[in-house]
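Asker: Letter by letter, the sequence shown follows residues 80 to 312 in our numbering. Beta carbons are placed, not taken as given, at the ideal position from N, Cα and C, and that holds for glycine.
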Amino acid sequence: MKSIIKKVALLLVGIFFTFLIISLITILFLKFFSPPTTAFIQAKSTHNLFVSVNDYEYEWKSLDKASLYFPLAVIASEDQAFFDHSGFDFKQIQKAMDDIERGRRFRGASTISQQTAKNLFLWEDQSYIRKGFEAYFTLLIELLWSKKRILEVYINVCELGKDVYGVEAASQLYFRKSSEKINQAEAALLATVLPKPLVRNPARPSHYMINRREDIMRQMNNIGGREMLKNEL
Numbered sequence: 080m081k082s083i084i085k086k087v088a089l090l091l092v093g094i095f096f097t098f099l100i101i102s103l104i105t106i107l108f109l110k111f112f113s114p115p116t117t118a119f120i121q122a123k124s125t126h127n128l129f130v131s132v133n134d135y136e137y138e139w140k141s142l143d144k145a146s147l148y149f150p151l152a153v154i155a156s157e158d159q160a161f162f163d164h165s166g167f168d169f170k171q172i173q174k175a176m177d178d179i180e181r182g183r184r185f186r187g188a189s190t191i192s193q194q195t196a197k198n199l200f201l202w203e204d205q206s207y208i209r210k211g212f213e214a215y216f217t218l219l220i221e222l223l224w225s226k227k228r229i230l231e232v233y234i235n236v237c238e239l240g241k242d243v244y245g246v247e248a249a250s251q252l253y254f255r256k257s258s259e260k261i262n263q264a265e266a267a268l269l270a271t272v273l274p275k276p277l278v279r280n281p282a283r284p285s286h287y288m289i290n291r292r293e294d295i296m297r298q299m300n301n302i303g304g305r306e307m308l309k310n311e312l
């Protein structure tokens, strides 16, 4: 019996270290190279893992070549503490927990780093298992990547519509222009899609989206605008 337990323990340790090594190699690779697709995209696809990237809208755009308005809009709307935290915004987590206790509408507390980890490596689910993996990958990318790389990957893999991923694909689809040419209002409108990408459509913005766009634009200016982003990057 002890022999069996020992073998099982060794097997589990081996699996853990294999997973750790593969994770580290993958994240180090993605530090320098753009991903051809993501686990999140594949999980949402109705095809198998070998589906062509042409079956959905996804086109990589370097942060240095993209308009700074969209990453600024993302920070303003999703994670204003992005440059100050190490992957987790504990103030927002506490606020979300307080809202739940008071019976208020649940607010998201995921940072850009957490969303990047989810979109790259995981699937859409609210289970504790998925959340655990999300925390694990968040820690690794915060440890091994710069904030600039995290932001660059996020704006390229975030979901911005049905089968639409990344700012370049979204800009081409909704505005008929490259993402490097979108203006502040267009970037803010795209950012309104992030919480509900399958419901909100920038081509036909709702009254809420228009109001939310104006609010995001004010926040973009309040946090320092593009100059702040240039200084941080």
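1) Going by alpha carbons, who is nearest to ALA300 out of GLN263, ASN310, PRO281, ILE289?
2) DSSP three-state label for TYR135, please.
3) DSSP puts GLU231 in a beta bridge; with which residues?
4) Could you pull out every residue in the same chain whose Cβ sits closer than 6 angstroms to the Cβ of ILE154, ignoring the five residues on either side in sequence?
5) I'd like the list of long-range same chain contacts for LEU268, defined as Cβ closer than 7 angstroms, with 5 residues on each side in sequence excluded.
6) Return helix, strand or coil for ALA243, following the three-state DSSP convention.
7) If you check the beta carbons only, do LYS123 and GLU203 fall under 8 angstroms apart?
8) Report all residues from its chain with a CB closer than 7 angstroms to the CB of VAL243; omit the five preceding and five following residues, and keep chain order.
9) When the Cα of ILE106 is compared with those of ARG228, ASP294, PHE254, which residue comes out closest?
10) If distances are taken between C-alpha atoms only, which option among ARG255, ILE295, GLU231 comes closest to ALA145?
11) Can PHE149 and SER258 be called in contact, C-beta distance under 8 angstroms?
12) Within 10 Å of its beta-carbon, does ARG279 have 16 or more other beta-carbons around it, so buried, or fewer, so exposed?
13) Applying the 10 Å Cβ sphere with the 16-neighbour rule, what's the burial state of MET296?
14) Among LYS256, GLN159, CYS237, MET307, which one has its Cα closest to the Cα of ASP277?
Answerer: In terms of the structure at hand:
1) Translated into positions along the sequence shown, residue 300 becomes position 221. For the sequence presented, residue 300 should be read as Asn rather than Ala. Out of GLN263, ASN310, PRO281, ILE289, GLN263 has the C-alpha closest to the C-alpha of ASN300.
2) Locating residue 135 in the sequence shown gives position 56, counting from the first residue. Coil, per DSSP.
3) Taking the sequence shown and counting its residues from 1, the one referred to as residue 231 is at position 152. Paired residue(s): none; GLU231 is not in a bridge.
4) As a first step, residue 154 must be located in the sequence shown, where it is residue number 75. Result list for ILE154: PHE161, in chain order.
5) Numbered from its first residue, the sequence shown carries residue 268 at position 189. Excluding positions up to five away in sequence, the list reads PRO281, PRO284, MET288, ARG292.
6) Position 164 of the sequence shown, counting from 1, holds the residue named residue 243. This sequence places Val at residue 243; Ala is not what is there. Three-state result, VAL243: strand.
7) As a working note, residue 123 is residue 44 in the sequence shown. As a working note, residue 203 is residue 124 in the sequence shown. Yes, the Cβ-Cβ distance between LYS123 and GLU203 is below 8 angstroms.
8) If you number the sequence shown from 1, residue 243 lands on position 164. Once the five neighbours on either side are set aside, the close Cβ partners of VAL243 are GLU136, ALA249, LEU252.
9) Position 27 of the sequence shown holds residue 106. ILE106 has its Cα closest to that of ARG228, out of ARG228, ASP294, PHE254.
10) Along the sequence shown, one-based indexing puts residue 145 at 66. ALA145 has its Cα closest to that of GLU231, out of ARG255, ILE295, GLU231.
11) In the sequence shown, the residue the question calls residue 149 occupies position 70. In the sequence shown, the residue the question calls residue 258 occupies position 179. A contact, by the Cβ cut-off of 8 angstroms.
12) Counting from 1 along the sequence shown, the entry for residue 279 is found at position 200. Buried, by the Cβ-count rule.
13) The sequence position of residue 296 within the sequence shown is 217, counting from 1. Under this definition MET296 is a buried residue.
14) Within the sequence shown, residue 277 is the residue found at index 198, counting from 1. According to the sequence displayed, residue 277 carries Leu and not Asp. The residue with the shortest Cα to Cα distance from LEU277 is CYS237.
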